[in-house]
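Comments concern the structure below.
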Amino acid sequence: MADKSNSLYQQHYQQASTTPEAFWQQQAAALSWYKTPNAVLTQQDEDHYQWFSDGVLNTAYLALDHHIEQGRGEQAALIYDSPVTGDKQRFSYRELRDAVAQFAGVLKALGVQKGDRVVIYMPMIPQAAIAMLAVARLGAVHSVVFGGFSAHELALRIDDAQPKVVVSASCGIEVNKLIAYKPLLDDAISKATHKPDYCVIYQRPQLQADMQTGRDLDWQQAVAKAESAACVPVKATDPLYILYTSGTTGKPKGVVRDNGGHAVALNYSMQAVYNAKAGDVFWAASDVGWVVGHSYIVYGPLIAGCTSILYEGKPVFTPDAGAFWRVCAEYGVNILFAAPTAFRAIRKEDPHAALQHYDLSQLRSIFMAGERLDPATYQWVVEKLHKPVIDHWWQTETGWPIAANPTGLTQFSAKPGSSCMPVPGFNVQILNESGKILRPNEQGYIALKLPLPPGCLTTIWGNDERFVDGYLRSFSGYYASGDGGYIDEDGYLFVMGRTDDVINVAGHRLSTGEMEQIVAGHPAIAECCVIGIPEPVKGQQPLALVLIKNGVEVDETILQAELVAMVRQEIGALACFKQAIIVQRLPKTRSGKILRKLLRQIADGSKYSVPSTIDDPASLPEIATLMAARGLISAP
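Under this note's numbering, the first residue of the sequence shown is numbered 4, with each subsequent residue one higher.
If you want it as structure tokens, here you go:
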């Protein structure tokens with residue numbers, strides 16, 4: 004294990020903690036500013052801070068033009084790989100800059116100026132990244148909405164962001180099906196109170212969209228006639244984008260990211276956390292509709308001078324469970340970043356990793372985030388790939404990792420189930436309900452001491468009161484993460500799940516995340532979810548919903564008995580763990596997060612609404628039927 008006391012990590016952590024202004028001024032100096040900031044950290048009031056308030060820059064310039072000026076114009080900036088269409092495309096930094104400048108010219112001609120909003124509703128195609136960077140080039144504010152979201156949800160976001168222009172595509176492509184985007188967009192605009200002036204539609208050959216005269220423009224035709232647009236300087240504190248958190252209901256919650264702090268933080272994280280250098284091939288297997296796609300498909304890798312992979316496919320079924328390994332081998336991927344659910348899907352389809360016969364010699368490390376990395380999945384990936392697997396934890400709100408094994412600073416020994424150490428800049432504390440700091444190994448609320456480092460959300464779009472009330476009022480002087488966990492005696496952080504993923508069994512507060520960790524360790528189980536269900540005497544009792552690995556035959560009664568014994572041995576009889584149900588699928592968002600709240604609502608008999616973010620709505624009635632068959636709930 005690395006020596007924490009004398010490591011480069013410790014130097015950075017101490018500097019960021021004790022002299023944050025000097026530390027972040029040094030990190031800011033690594034970027035090419037139009038006006039270098041002198042005011043590093045400014046406190047506006049009790050709740051609000053600004054980073055680099057007098058600095059001037061342009062994020063798209065940092066991501067593209069700067070590298071061309073440094074002689075890397077012919078290096079690959081973006082590689083597009085689409086197993087669902089068979090298309091592959093490679094953009095050098097110069098080619099991507101030219102495409103971005105040209106599309107920025109389209110938007111400029113439509114009246115888009117600094118501070119205007121542009122909603123981007125697109126599939127995983129190069130034009131999505133080009134549109135994001137083009138908006139940033141003009142100093143405008145983009146809001147990417149996950150392609151295929153319902154018309155209702157898209158309408159809510161249009162009304163909240165009030166875009167001058169919406170950029171979309173004619174269709175998205177899933178496994179064996181096309182999703183027509185244009186009818187969803189037209190329906191959303193008809194529902195929305197705010198009407199955008201224009202829609203720019205990228206026509207895909209698989210499905211052509213009908214265009215509305217006067218409002219709709221064909222991307223390809225508009226670009227052919229456009230003049231290139233130059234970068235527009237903006238203040239570091241000006242917004243770069245609005246990103247709506249998944250699963251919101253009612254009025255959407257738009258996280259606002261600034262330009263300056265975001266660029267500084269991402270550039271630092273690419274080096275300190277991911278150990279990525281200019282020229283490295285970086286693949287974040289996510290979607291531009293999520294924060295990972297913003298931070299580590301588009302902005303982080305390009306600001307750092309890497310080659311970024313943009314993948315339009317799945318970890319399985321496009322065409323098989325070897326898809327990830329094929330991409331890594333074909334493009335010489337050095338750093339792979341994906342959600343644990345992707346690897347659980349691969350493990351379920353190919354438990355013996357028989358399809359892992361590709362040359363992965365260039366792959367240095369595998370990062371996982373977005374949900375809890377259970378030790379069973381961690382061990383499987385390590386065993387099959389013989390590569391370092393780094394669990395790290397962050398949120399849409401923070402925009403970059405809160406805790407990680409900082410491979411660019413020091414390599415710590417891994418502890419399965421832990422996201423390792425707080426990243427320099429984040430002061431992570433475990434608090435009880437009254438805000439008292441807890442001792443090592445005591446579970447509580449994970450909170451971040453203010454001020455947050457650069458790159459974190461600055462407010463909620465159009466609703467600062469919601470920002471303050473939602474994040475800063477639970478514990479004075481802290482940002483409440485909404486997650487629970489503990490820090491062990493070595494300083495390792497264990498994130499056990501959302502604080503509402505704690506159940507009360509006969510007065511004992513128990514973590515369902517801890518139970519999931521135990522259940523997932525059974526050799527037959529590919530994936531699981533534990534929720535609390537009502538119990539008349541004890542208040543609640545745990546229920547495990549489990550997916551079985553492909554090709555594995557089990558008796559449900561025997562499996563349940565084995566799981567009960569495992570939980571009893573690790574936690575004790577007080578857990579009252581007695582029920583496990585085999586399911587065919589779990590309800591998840593498109594980003595792979597299990598919708599535990601929905602499952603709890605089904606178990607409680609509460610009314611629930613199916614969110615637009617769900618990937619497989621049919622899983623809900625299936626699970627309700629299975630619960631009813633066990634007598635756990637009334638028949639649905």
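Idealized CB from N, CA, C, for every residue including glycine. Note that the coordinates shown come from a computational prediction; the quantities given were computed from them, not determined experimentally.
CA-CA distance, residue 350 to residue 356, rounds to 7 angstroms. Sequence-distant Cβ neighbours of residue 298 in its own chain, meaning closer than 7 angstroms and more than five residues away, are 269, 402, 403. Residue 24 counts as exposed, since fewer than 16 other C-beta atoms from the protein chains shown sit within 10 angstroms of its C-beta. In the three-state scheme derived from DSSP, where H, G and I count as helix and E and B as strand, residue 617 is classed as strand.
In this structure, the alpha-carbon of residue 471 lies about 7 angstroms from that of residue 50. Look at residue 182 here: in three-state DSSP terms it is strand. Closest by C-alpha distance to residue 545, out of 480, 624, 635, is 635.
Of the candidates 65, 277, 129, 124, the residue whose Cα lies closest to the Cα of residue 191 is 124.
Assignment of alpha helix (DSSP H) within the region 63–150, counting only whole runs of 4 or more residues, yields 69–72, 96–112, 129–140 in chain order. Annotation: the continuous beta strand (DSSP E) that includes residue 177 extends over 174–177. The shortest CA-to-CA distance from residue 254 to any of 159, 271, 328, 366 is the one to 159. Bounds of the beta strand (DSSP E) holding residue 487 are 481–490. If the five residues before and after residue 74 are omitted, its C-beta is found closer than 8 angstroms to no C-beta atom of its own chain.
Counting C-beta atoms within 10 angstroms of its own C-beta, residue 552 has 16 or more neighbours from the protein chains shown and is therefore classed as buried. By the neighbour-count criterion, in which 16 or more other beta carbons inside 10 Å mark a residue as buried, residue 258 falls on the buried side.
One thing to note: residue 447 has its Cβ within 8 angstroms of the Cβ of residue 433. Secondary structure at residue 420: coil, using DSSP grouped into helix, strand and coil. 140 is the residue among 536, 140, 609 whose C-alpha sits nearest the C-alpha of residue 234. Put simply, the region 224–242 does not touch the region 276–288. Fewer than three CB pairs are less than 8 angstroms apart. Taking a 10 Å sphere around the C-beta of residue 549, we find 16 or more other C-beta atoms and assign the residue as buried. The region 139–158 and the region 608–616 touch, with no fewer than 3 CB-CB distances between them shorter than 8 angstroms. Classified as buried, residue 599 has 16 or more neighbouring CB atoms from the shown chains inside 10 Å of its CB.
Rounded to whole angstroms, the separation of the alpha carbons of residue 486 and residue 431 is 12 angstroms.
Here the alpha carbon of residue 624 sits roughly 53 angstroms from the alpha carbon of residue 69. About 17 angstroms separates the beta carbons of residue 338 and residue 415, which is beyond the 8 angstroms limit, so they are not a contact pair. For residue 334, the enclosing alpha helix (DSSP H) has its first and last residue at 326–334.
Closest in alpha carbon position to residue 341, among 310, 363, 375, 361, is 375. Remark: C-beta atoms of residue 412 and residue 11 approach each other more closely than 8 angstroms.
With 16 or more other CB atoms across the displayed protein chains lying within 10 angstroms of its CB, residue 185 is buried.
Scanning 137, 562, 555, 514 for the CA closest to the CA of residue 574 turns up 514. For residue 214, there is no enclosing beta strand (DSSP E), as DSSP gives it neither H nor E. Here the region 115–134 makes contact with the region 160–176; the two share three or more CB pairs at distances below 8 angstroms. The beta carbon of residue 582 lies closer than 6 angstroms to those of 546 in the same chain, with the five residues before and after it left out. Residue pairing by DSSP leaves residue 309 without any beta bridge partner. Straight-line spacing of the CA atoms in residue 517 and residue 605 works out to 22 angstroms. Cβ-Cβ distances below 8 angstroms link residue 619 to 588, 590, 591 in the same chain, with the five nearest sequence neighbours on each side left out; the list follows chain order.
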